[in-house]
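Report on the structure given below.
2 protein chains.
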Amino acid sequence: MLLHSSTQLLTLQGPPQRGRDLGALGLIENGAVLIRDEKILAVGGTDELRASFPDEPALSADGCVILPGFVDPHTHLPWAGDRANEFELKMSGVPYLDILAKGGGILSTVKQTRAASLKSLISQTRARAQRAFLHGTTTAEAKTGYGLNLASELRLLQTLLALNDEGPLELAITFLGAHAIAPEFKNDPQGYVDEITNTMLPLLKDWWETHAPHLTLPFVDVFCETKAFSLDQSRQVLARAGSLGFPLKIHADEFDNLGGATLAVELGAASADHLVRTSDADIAALAKSDTVAVSLPCTPFGLAEKDYTPAQKIIAAGGLLALASDCNPGTTWNESMQFVIALACRAMKLTPAQAIAASTINAAHAIRRADTIGSIEVGKQADLLILSVPDYRHLGYRYGTNLVRQVVKRGKVYSVDANYYRMA
Amino acid sequence: MLLHSSTQLLTLQGPPQRGRDLGALGLIENGAVLIRDEKILAVGGTDELRASFPDEPALSADGCVILPGFVDPHTHLPWAGDRANEFELKMSGVPYLDILAKGGGILSTVKQTRAASLKSLISQTRARAQRAFLHGTTTAEAKTGYGLNLASELRLLQTLLALNDEGPLELAITFLGAHAIAPEFKNDPQGYVDEITNTMLPLLKDWWETHAPHLTLPFVDVFCETKAFSLDQSRQVLARAGSLGFPLKIHADEFDNLGGATLAVELGAASADHLVRTSDADIAALAKSDTVAVSLPCTPFGLAEKDYTPAQKIIAAGGLLALASDCNPGTTWNESMQFVIALACRAMKLTPAQAIAASTINAAHAIRRADTIGSIEVGKQADLLILSVPDYRHLGYRYGTNLVRQVVKRGKVYSVDANYYRMA
């Protein structure tokens, strides 16, 4: 198939975009992509590719923009239930500690998730995966973390493996047993850290090699915050995970700076995520490393807070910046990377081009898949979007609705019906 | 048709909700609506209505929430082109005056709009009207104001009349010739005010009575701001319009407080809109009146500004608060009232219930249609929504995507495909 647009084709070709290089779109004004099976075979000017492949069936996206599918490198996609009631309490001015006292907060989701069957978890998570996909996310990272015991965490992994097999959204799976102190260890947090380190991680490795031998090991992630895991506890979990061969991620500096970003660099983590209270020293450490700084602007937005990731400092320092949704039931239930882009432009003064690069090639690097996805380049997976807009800058400029016309995943074309209604 | 939900039916019954009464949802836990032709014939418990109308065909919305269609009481829906490039410049830190010097700003849209044919204006505006509809807006106010001369303003009115006839989105039309000083009057702003007052308004009245004899007169609106029309000029336009029988609206206090809100009260305007720099005295005047305070939170959001309408003060004073999108090409291109609600909760600390009331019954009052729309009550138009959520609080809590499953407009059911994709 020869997919072409006389409007704009954004290739995002080249390596992940560091510092002030962020925003190189590789724009071709009248460009085409040759797709065979699941792969990209050629990219170039439409006339040139038509001449080289005269018999190839064509799909016109004239009047539309073609770009790589979004990669969402940080979500908590699998959970059961919701916390809509808690949102109402927060907006009514009820203090967070009172909400916790009423049984709210993360442990409310843990309770609902533990009680849910695998079938129910798959069904509830599938709705979000499909919603992400129809808003243009072709690959999403997805974390466990609402189980907090071995059986429930494994059920969340089963959920994610099943949905990844089912598609079309492709998942990069992460084990986040260290999301919060499990309620059983309320009075012995270090006991839970030891349980993860000594029991869960080795078991997880065996389990994974049995249940998902076709996939590389999942990421292991830790929530390094005052209310969750200390820097030492985070190091204990991640160091052990690293020694077992798991690739690493960290939640750092969402509310407090405990040094998690620098720990991520030290341990060679793929990414350090949140980064709101990140110090200049941490930013300097990130900038010298290959660890991606993943900003989650929807989290402060969802919580109605004022401070965002110091993205301009990260760019100025030469860091690798990516964007993600952080979709979760407590702080931000939004599956759309289009909204993440629109918010990032406003809250962190990214240009649309920078926000697009941070949501494609750099986001792919944050899940260590920039070799296969994140740009429209020969040899990569044919994961791309056709947007119903005359210029890529409509991403960012417009928000609140879905601009996707079609999603191409591994070469298959999915039409998105988001812009249509029909008589029932 | 008997539309019923074992989940939640929000009727919003009763008069517009003043002050701390805002947020009365009229919730029925297992409720039903009897719809015949375009009207609501009965509302009540599902069992009771089934018993009373045993042969009525039923439409189940079990698991979903039924509520009145959103009314969006402030949009600038008809325009041509876009200003995506200007958005990128703004996010890059280019000062607004430099953007104006490059031909940006409102006059850029005026230029594109004047150059567009009626057919093109209808086509471009239809896309936005449909997008608003599929996100749950069943009636929207829509203003002219990118013509700024008689011929172009009338072409915008023709656009709106044609789309209102076509449906399904119903429009409340507003003449906003006083949106900006027309470029021809750059050096004689008072000359443009006189042109509107002495020439355009009387002609508009004749034109309307010829072209739209089946509709009541449109609203007349003025942009009362330092950069646009002074308080005296605003009074001149609105007083003349009022004396000709037009109902009135005003843009006040978006950037500067010139006294527009109090002028609106003085002249008995249906609404005063924006209200960011509104003083306590203005708020007190509004609270004693029947003029609705229409907050447009997407405008500061779109512009990445920090200050929003002092909604809590308006509520505390006993004012009538409504929400609107302000959808326009310069400051906020978002058609979704669901996003307006989500933003209003966070930026102005409304509860979901308050934001829903401000987007239905109170918004209907802001366009003086609360007698026929804005709530699910016997005798009103059957304009309502079925949301794919288990609790109304998902409005506000979730954002960035479309939660609508079906829209019912004048009794006709439209299925929204926003949550689906299909193999192309």
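Going down the list, the sequences are from chains A and B.
Numbering (the working numbering) for the first sequence: 844 to 1267.
Numbering (the working numbering) for the second sequence: 844 to 1267.
Note that the Cβ used here is the ideal one computed from N, Cα and C, for glycine as well.
Since the structure is predicted, the reported quantities are computational estimates derived from the model, not experimental observations.
query	result
Contact set for threonine 1017 of chain B: own chain, Cβ-Cβ below 8 Å, skip 5 residues either direction	Glu984, Ala985, Lys986, Thr987, Pro1061, Phe1062, Val1063, Asp1064, Lys1092
Exposed unless 16 or more other CB atoms sit within 10 angstroms - verdict on tyrosine 939 of chain A	exposed
Three-way DSSP call (helix, strand, coil) for cysteine 1067 of chain A in this model	strand
Contact set for methionine 1191 of chain B: own chain, Cβ-Cβ below 6 Å, skip 5 residues either direction	Tyr1151, Ala1154
Assigned secondary structure, leucine 1118 of chain B (DSSP; H/G/I helix, E/B strand, else coil)	coil
Coarse secondary structure for tyrosine 1235 of chain A, derived from DSSP in three states	coil
Top-ranked residue by Cα proximity to leucine 1246 of chain A, from B:Gly1145, B:Ala958, B:Ala970, B:Thr980	B:Ala970
Beta-carbon gap between threonine 1194 of chain A and serine 951 of chain B smaller than 7 Å	no
Within 7 Å, strictly: CB atoms of arginine 1211 of chain B and isoleucine 1229 of chain B	no
Residues that alanine 927 of chain A contacts on chain B, provided the C-beta gap is smaller than 7 Å	Asp1234, Arg1236, His1237, Tyr1240
Touch test, the stretch 845-858 of chain B against the stretch 907-920 of chain B, Cβ-Cβ under 8 Å, three pairs minimum	yes
Euclidean distance between Cα positions of glycine 869 of chain A and alanine 1159 of chain A	22 Å
C-alpha gap between aspartate 1289 of chain B and alanine 1165 of chain B, whole angstroms	Look at the range of chain B in this structure, 844 to 1267, and you will see that residue 1289 of chain B is not part of it.
Cutoff 7 Å: aspartate 1099 of chain A Cβ touching any chain B Cβ	no
7 Å Cβ cutoff met for valine 1137 of chain B and serine 1114 of chain B	yes
Spatial neighbours of alanine 901 of chain A in its chain, beta-carbon cut-off 7 Å, leaving aside the 5 residues before and after	Leu845, His847
Inter-residue CB distance, asparagine 1205 of chain B and valine 1135 of chain B (contact presumed, cutoff 8 Å)	6 Å
Below-7 Å beta-carbon distance, valine 1080 of chain A vs any chain B residue	no
7 Å Cβ cutoff met for aspartate 915 of chain A and threonine 981 of chain A	no
Nonlocal neighbours in the same chain, by C-beta distance under 8 Å from alanine 923 of chain B, ignoring five residues either side	Thr952, Gln955, Thr956, Ala958, Ala959, Ser963, Leu964, Gln967, Tyr989
Length at least 3, wholly inside the stretch 1022-1076 of chain A: the beta strand (DSSP E) runs in chain order	1062-1067
7 Å Cβ cutoff, phenylalanine 930 of chain A in contact with chain B	yes
Paired residues, beta bridge with tyrosine 1257 of chain A - DSSP	A:Val1250, B:Met1266
6 Å CB neighbourhood of alanine 1128 of chain B in its chain, flanking five on each side removed	Thr1105, Val1108
Chain A residues whose Cβ lies nearer than 8 Å to that of alanine 1178 of chain B	Checking the sequence, you will find glutamate at residue 1178 of chain B rather than alanine. The answer, in chain order, is Gly1243, Thr1244.
For proline 858 of chain B, the nearest candidate out of B:Ser1258, B:Lys1029, B:Ala1200, B:Arg1083 (CA to CA)	B:Ala1200
Check whether alanine 1124 of chain A and glycine 1161 of chain A have beta carbons under 7 Å apart	no
Three-pair Cβ contact test at 8 Å for the stretch 860-868 of chain A versus the stretch 881-892 of chain A	no
7 Å Cβ cut-off: residues of chain B touching asparagine 992 of chain A	Per Cβ cutoff of 7 Å: no residues; asparagine 992 of chain A is ~27 Å from chain B at best.
Selection from B:Gly1010, B:Glu1027, B:Lys1048, B:Tyr1240 that minimises the alpha carbon distance to asparagine 992 of chain B	B:Glu1027
Assigned exposure category for valine 1251 of chain A - 16 Cβ within 10 Å defines buried	buried
Environment of aspartate 1008 of chain B [buried if 16+ CB atoms lie within 10 Å]	exposed
Contact with chain B by serine 1258 of chain A, beta-carbon distance below 7 Å	yes
Collapsed DSSP secondary structure at lysine 1149 of chain A in the structure displayed	coil
Closer than 7 Å to chain B by CB, lysine 954 of chain A	no
Chain-ordered residues of the stretch 1185-1207 of chain B with a beta carbon less than 8 Å from chain A	Cys1188, Arg1189, Ala1190, Lys1192, Leu1193, Thr1194, Pro1195, Ala1196
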